[in-house]
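Here is the structure we will look at.
2 protein chains.
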Amino acid sequence: MHRFDVTPAGTRIMRHLLIYDMIEAVHRSGSIRKAAEDTNITASALNRRIQAFEEEFGSEIFERLPRGMRLNPAGELLLHHIRLQRQDLIRVHSQVADLSGVRRGHVKIACSQALLPYFLPREISKYRAEFPDVTFSVNVRDRIQAEQDLVTFESDLALVFEPAHMVNFEVLHAVHQPVMAVMSAAHPLADRKSLRLRECLEYDLVLPARQFGVRVLLDQAAARLGGKLEPALETDSFDMVRHFAAYGYGIGFQIPVGLNALARPDMSFVPIAARDVAGGELYLGHLKGRTLPVAALKFANQVMTALSRAQT
Amino acid sequence: MHRFDVTPAGTRIMRHLLIYDMIEAVHRSGSIRKAAEDTNITASALNRRIQAFEEEFGSEIFERLPRGMRLNPAGELLLHHIRLQRQDLIRVHSQVADLSGVRRGHVKIACSQALLPYFLPREISKYRAEFPDVTFSVNVRDRIQAEQDLVTFESDLALVFEPAHMVNFEVLHAVHQPVMAVMSAAHPLADRKSLRLRECLEYDLVLPARQFGVRVLLDQAAARLGGKLEPALETDSFDMVRHFAAYGYGIGFQIPVGLNALARPDMSFVPIAARDVAGGELYLGHLKGRTLPVAALKFANQVMTALSRAQT
DNA sequence: CAAAGCGATGCATTTTTTGCAGCACTCTGC
DNA sequence: GCAGAGTGCTGCAAAAAATGCATCGCTTTG
């Protein structure tokens with residue numbers, strides 16, 4: 677029989693940690709019987725392993741409900757330990773691989789939309805030019821989700837603008853980002869060195885949705901002016917913001933890291949005066965107290981220098 | 677039924693982590709055959725488990741030498757993971773115990789000698805008065821050893837005076853400690869409010885050995901005065917310092933946390949003027965990036981308030 | 001009230017782990 | 001230079017553990 681077939685691409689099976697996978701499978705599917713299918717094992721066997729584990733562990737970790745299993749508080753604590761433990765083992769693996777000169781690994785990034793068009797593609801390509809065996813995941817997350825991603829070890833690094841909560845967030849680097857007005861190169865205001873917020877209000881505005889940092893800053897600024905922003909278009913796509921602004925005489929807003937003047941000669945980017953909108957910080961960070969895998973750490977360093985350079 | 681008994685003396689056996697114990701046993705004893713005795717298993721079985729683990733892990737973790745086994749660099753990395761993993765599981769256990777209202781656990785402290793006579797006994801007793809099921813280990817360590825203890829998870833907390841290196845040390849609390857002259861209550865200088873260092877030099881000096889923080893501070897101060905301290909007695913026992921000073925007309929030195937005026941009416945403690953010896957910081961901390969067990973964290977909090985109160 | 005879902009369990013079977021004995025090898029001391 | 005004691009490693013049979021199957025008792029659902 678071939679119960680535990682070949683490991684697909686980097687997923688290492690440590691047989692002594694299988695019980696952790698089983699616990700997570702039960703947690704995910706909510707019942708032993710469903711989890712048993714994922715685990716390629718019988719429900720009865722799985723059931724007994726869970727029971728045996730609970731006995732060893734010293735307390736139950738699941739509530740037995742008529743509809744299935746649910747983690748109790750002790751189980752939640754254990755689950756976090758399991759995830760931490762697994763990620764740390766991956767880190768050890770990556771460090772061991774590093775010993776023999778090969779850098780392999782996988783870097784998981786949670787980031788704001790603004791990083792998608794130019795910044796991250798450029799940095800990831802640059803990194804992979806040097807270490808082609810390192811792969812990446814990029815997940816678009818808002819500020820709250822990004823932190824949650826770190827906590828569940830869904831992501832190694834987060835790159836977000838003005839994060840709301842930061843309890844579990846350890847900042848590696850912060851760089852200031854003024855708010856930029858984005859418009860067609862043919863726009864009447866296109867050649868200005870700087871703009872007052874009031875000037876922008878004369879034109880159609882395209883604003884990111886309310887959950888985004890840029891929007892929060894703009895709303896606050898408008899409130900100080902005693903007004904309220906009334907966008908012609910509100911969207912959760914930063915791409916849409918840029919394209920709408922490029923198309924006609926509307927004005928969009930974005931932070932510099934999401935813009936690239938060279939790539940868009942048809943567009944113009946003008947900073948909003950700091951006295952109107954102070955701007956905010958773009959943060960690179962990871963879960964507090966975590967030791968990152970080599971690949972993630974190295975990439976984080978590269979991003980840090982890139983951000984520093986961009987600022988000057 | 678009594679399904680969830682507690683394993684004797686808090687040593688919980690998690691069978692799926694036995695392989696880690698085995699690896700540590702081999703590491704400690706330096707050979708499979710010796711480790712086999714500690715592990716209550718045959719050498720052949722142990723050997724095969726190590727081999728199986730290495731295969732799963734993806735690389736060897738031991739060097740095979742003619743005289744036995746030694747961890748290779750990969751093994752060193754893994755060992756650290758194992759220790760971290762085990763301590764984190766203990767933390768989870770302690771948090772789970774906390775859920776049911778019982779606070780159990782064991783707090784391991786690495787500390788300077790100065791804490792031994794009064795401070796730690798008092799604090800530990802106070803803590804155990806509230807939580808009698810929490811036990812303690814106290815290991816006397818100099819500044820370098822203390823940090824090493826944290827790294828190997830030998831200790832949860834360190835309480836040291838002016839630590840030399842602090843790369844892995846996360847400071848929870850720091851409190852300033854002036855250097856105090858310690859002498860018999862009958863000593864000519866006993867009633868002074870403050871002393872210049874020069875005045876002390878008229879008398880026999882009893883100094884702690886050179887590795888201790890107080891001594892370093894005194895040596896630096898003496899060098900500034902253009903001199904060199906020539907102690908009548910040099911010792912690595914702070915007890916000895918106090919007792920020698922109490923006995924005759926010698927002068928010893930100690931930091932306030934190691935002294936208790938109420939307990940010793942026969943002695944007098946006078947601060948050295950800050951312009952001569954600035955004093956130093958007493959640090960409470962733990963290993964950077966670690967999550968402490970509940971008991972250790974709670975005790976650390978108690979110590980922090982005690983230290984703050986002592987200062988004022 | 002029947003059907004469908006759930007976790008738990010007894011028992012025979014399969015899989016894994018272990019112990020025993022013995023191998024090849026390298027140092028050490030006479 | 002050669003025994004002796006130390007090392008890690010391995011084949012094979014025995015012991016132990018994990019698994020699959022069938023089934024039970026229970027709760028929810030329609």
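Heads up: the protein sequence lines correspond to chains Z and W, in order.
The first sequence begins at 677 in the numbering used here and counts up one residue at a time.
The second sequence begins at 677 in the numbering used here and counts up one residue at a time.
In this text, a Cβ means the ideal position worked out from N, Cα and C, and glycines have one as well.
Source: prediction; values computed, not measured.
Please determine, among Z:Leu894, Z:Ala857, Z:Ile737 and Z:Lys802, the residue with the shortest C-alpha to C-alpha distance to serine 749 of chain Z.
-> Along the first sequence, one-based indexing puts residue 749 of chain Z at 73. Inspection of the sequence shows that residue 749 of chain Z is occupied by proline rather than by serine. Ranking Z:Leu894, Z:Ala857, Z:Ile737 and Z:Lys802 by Cα distance to proline 749 of chain Z puts Z:Ile737 first.
Leaving aside the five residues before and after cysteine 876 of chain W along the sequence, list all residues of the same chain whose C-beta is less than 7 Å from its C-beta, in chain order.
-> Taking the first residue of the second sequence as 1, we reach residue 876 of chain W at position 200. Around cysteine 876 of chain W: Ala857 and Ile927.
Hey, quick one: how far does the alpha helix (DSSP H) through phenylalanine 837 of chain W stretch, first residue to last?
-> Residue mapping note: residue 837 of chain W aligns to position 161 of the second sequence, counting from 1. Careful: phenylalanine 837 of chain W lies outside any alpha helix (DSSP H), inside the beta strand (DSSP E) at 833–837.
Which one or two residues does DSSP pair with histidine 849 of chain Z in a beta bridge?
-> Position 173 of the first sequence holds residue 849 of chain Z. Z:Leu960, per the DSSP bridge assignment.
Chain Z within 8 Å of proline 749 of chain W, Cβ atoms only = Numbered from its first residue, the second sequence carries residue 749 of chain W at position 73. Interface residue, yes.
Should glutamate 732 of chain Z and isoleucine 689 of chain W be called a contact, given that it needs their Cβ atoms to be closer than 8 Å?
-> For the purposes of this step, residue 732 of chain Z is taken as residue 56 along the first sequence, with counting starting at 1. For the purposes of this step, residue 689 of chain W is taken as residue 13 along the second sequence, with counting starting at 1. Against a cut-off of 8 Å, the Cβ pair of isoleucine 689 of chain W and glutamate 732 of chain Z comes out as a contact.
To the nearest whole angstrom, what separates the beta carbons of proline 969 of chain W and glycine 777 of chain W, a pair I think is in contact under 8 Å?
-> As a first step, residue 969 of chain W must be located in the second sequence, where it is residue number 293. As a first step, residue 777 of chain W must be located in the second sequence, where it is residue number 101. That belief does not hold up - the Cβ atoms of proline 969 of chain W and glycine 777 of chain W are roughly 16 Å apart, past 8 Å.
Specify the secondary structure class of arginine 817 of chain Z as computed by DSSP and reduced to three states.
-> Locating residue 817 of chain Z in the first sequence gives position 141, counting from the first residue. Coil, per DSSP.
Collapsed DSSP secondary structure at histidine 863 of chain W in the structure displayed = Counted from its first residue, the second sequence places residue 863 of chain W at position 187. DSSP places histidine 863 of chain W in coil when its eight states are reduced to three.
Checking contacts by CB at 8 Å: is isoleucine 695 of chain Z closer than that to chain W?
-> Taking the first sequence and counting its residues from 1, one reaches residue 695 of chain Z at position 19. It does; some Cβ of chain W falls within 8 Å.
Taking DSSP as the reference, what is the three-state secondary structure of glycine 751 of chain W?
-> Mapped onto the second sequence, residue 751 of chain W falls at position 75. Secondary structure of glycine 751 of chain W (DSSP, three-state): helix.
If contact means a Cβ-Cβ distance below 9 Å, which residues of the stretch 757–771 of chain Z contact chain W?
-> His757, Leu760, Gln761, Asp764, Leu765, Arg767, Val768, His769 and Gln771
Alpha carbon to alpha carbon, how far is alanine 972 of chain W from valine 810 of chain W? Give it in angstroms, no decimals.
-> On the second sequence, residue 810 of chain W is found 134 positions in, with the first residue counted as 1. On the second sequence, residue 972 of chain W is found 296 positions in, with the first residue counted as 1. Rounded to whole angstroms, valine 810 of chain W to alanine 972 of chain W spans 9 Å at the Cα level.
Residue environment, tyrosine 959 of chain Z, which counts as buried when at least 16 other CB atoms sit within 10 Å = In the first sequence, residue 959 of chain Z corresponds to position 283, counting from 1. Tyrosine 959 of chain Z comes out buried.
Is there at least one non-hydrogen atom of the ligand ATP closer than 7 Å to the beta-carbon of arginine 724 of chain W?
-> The ligand ATP is absent from the structure shown, which contains no ligand whatsoever.
Can a CB atom of chain Z be found closer than 8 Å to the CB of glutamate 732 of chain W?
-> Looking up residue 732 of chain W in the second sequence gives position 56. Yes, glutamate 732 of chain W counts as interfacial toward chain Z.
When you compare only the Cα positions, how much space is there between serine 984 of chain Z and valine 851 of chain Z?
-> As a position in the first sequence, residue 984 of chain Z is number 308, starting the count at 1. As a position in the first sequence, residue 851 of chain Z is number 175, starting the count at 1. Their Cα atoms are separated by approximately 7 Å.
Look up lysine 710 of chain W in the DSSP assignment and say whether it is helix, strand or coil.
-> For the purposes of this step, residue 710 of chain W is identified with residue 34 of the second sequence, where counting begins at 1. Helix at lysine 710 of chain W.
Cα separation between alanine 949 of chain Z and valine 814 of chain Z?
-> By one-based count along the first sequence, residue 949 of chain Z stands at place 273. By one-based count along the first sequence, residue 814 of chain Z stands at place 138. One C-alpha to the other measures close to 32 Å.
Nearest residue (CA-CA) to serine 944 of chain W, options W:Gln821, W:Tyr925, W:Ile820 and W:Met980 | Reading the second sequence from its first residue, position 268 is the one you call residue 944 of chain W. For the residues W:Gln821, W:Tyr925, W:Ile820 and W:Met980, the minimum Cα distance to serine 944 of chain W belongs to W:Tyr925.
Which of the three DSSP states, helix, strand or coil, is assigned to leucine 935 of chain Z?
-> As a position in the first sequence, residue 935 of chain Z is number 259, starting the count at 1. The answer is coil: DSSP assigns leucine 935 of chain Z none of H, G, I, E or B.
Kindly indicate which residue of W:Ala861, W:Ala939, W:Lys784 and W:Arg868 has the alpha-carbon position closest to the one of serine 831 of chain W.
-> Here residue 831 of chain W is taken as the residue at index 155 of the second sequence, counted from 1. Comparing alpha-carbon positions, the option among W:Ala861, W:Ala939, W:Lys784 and W:Arg868 lying closest to serine 831 of chain W turns out to be W:Lys784.
Do alanine 786 of chain Z and arginine 767 of chain Z come within 8 Å of each other at the CB atom, strictly closer than that value?
-> For the purposes of this step, residue 767 of chain Z is identified with residue 91 of the first sequence, where counting begins at 1. For the purposes of this step, residue 786 of chain Z is identified with residue 110 of the first sequence, where counting begins at 1. Going by C-beta atoms, arginine 767 of chain Z is not nearer than 8 Å to alanine 786 of chain Z.
In chain W, which residues lie with their C-beta within 9 Å of the C-beta of arginine 724 of chain Z?
-> Working through the first sequence from its first residue, we reach residue 724 of chain Z at position 48. Correct list: empty, because the minimum Cβ distance to chain W is about 13 Å.
Report buried or exposed for valine 843 of chain Z, applying the criterion of at least 16 other Cβ atoms within 10 angstroms of its Cβ.
-> As a position in the first sequence, residue 843 of chain Z is number 167, starting the count at 1. The residue in question, valine 843 of chain Z, is exposed, as its Cβ has fewer than 16 Cβ neighbours within 10 Å.
Buried or exposed: where does glycine 961 of chain W fall if 16 or more other Cβ atoms within 10 Å of its Cβ makes it buried?
-> Along the second sequence, read from residue 1 onward, the residue named residue 961 of chain W stands at position 285. Taking every protein chain shown into account, the CB of glycine 961 of chain W has 16 or more other CB atoms within 10 angstroms, so this residue is buried.
Would you say alanine 908 of chain W and leucine 881 of chain W are within 8 Å of each other, going by their C-beta atoms?
-> Along the second sequence, read from residue 1 onward, the residue named residue 908 of chain W stands at position 232. Along the second sequence, read from residue 1 onward, the residue named residue 881 of chain W stands at position 205. Taking 8 Å as the Cβ cut-off, alanine 908 of chain W and leucine 881 of chain W qualify as a contacting pair.
For chain W, find out if any of its Cβ atoms is closer than 8 Å to the Cβ of glycine 781 of chain Z; answer yes or no.
-> On the first sequence, position 105 is the one that residue 781 of chain Z refers to. Not one chain W Cβ lies under 8 Å of glycine 781 of chain Z.
Chain W contact for arginine 691 of chain Z (CB, 8 Å cutoff) = Locating residue 691 of chain Z in the first sequence gives position 15, where the first residue counts as 1. Yes, arginine 691 of chain Z counts as interfacial toward chain W.
Beta-ladder partner(s) of methionine 842 of chain Z, from DSSP | Taking the first residue of the first sequence as 1, we reach residue 842 of chain Z at position 166. Per DSSP, none; premise fails for methionine 842 of chain Z.
Is there a Cβ from chain Z that is less than 8 Å from the Cβ of arginine 631 of chain W?
-> With chain W running from 677 to 988 in the structure shown, residue 631 of chain W is simply not present.
To which residues of the same chain is valine 933 of chain W closer than 7 Å at the C-beta, ignoring the five residues directly before and after it?
-> One-based indexing of the second sequence puts residue 933 of chain W at position 257. Taken in chain order, the residues that qualify are Ala790, Leu791, Phe795, Gln853, Leu958 and Ala986.
Any idea if glycine 686 of chain W is buried or exposed, counting beta-carbon neighbours within 10 angstroms, 16 or more meaning buried?
-> Taking the second sequence and counting its residues from 1, the one referred to as residue 686 of chain W is at position 10. Here glycine 686 of chain W scores only 39 on pLDDT, less than 50, and its place in the model should not be relied on; the value that follows carries that caveat. It counts as exposed.
Just mark glutamine 887 of chain W as buried or exposed, buried being the case when its beta carbon has 16 or more other beta carbons within 10 Å.
-> Here the question's residue 887 of chain W lines up with position 211 in the second sequence. So glutamine 887 of chain W counts as exposed.
Leaving aside the five residues before and after glycine 889 of chain Z along the sequence, list all residues of the same chain whose C-beta is less than 6 Å from its C-beta, in chain order.
-> On the first sequence, position 213 is the one that residue 889 of chain Z refers to. Taken in chain order, the residues that qualify are Phe837, Glu838 and Gly956.
Give, in chain order, every unbroken run of the alpha helix (DSSP H) that is at least 4 residues long and sits entirely within the stretch 872–945 of chain W.
-> Runs of the alpha helix (DSSP H) inside the stretch 872–945 of chain W: 873–876, 889–900 and 914–923.
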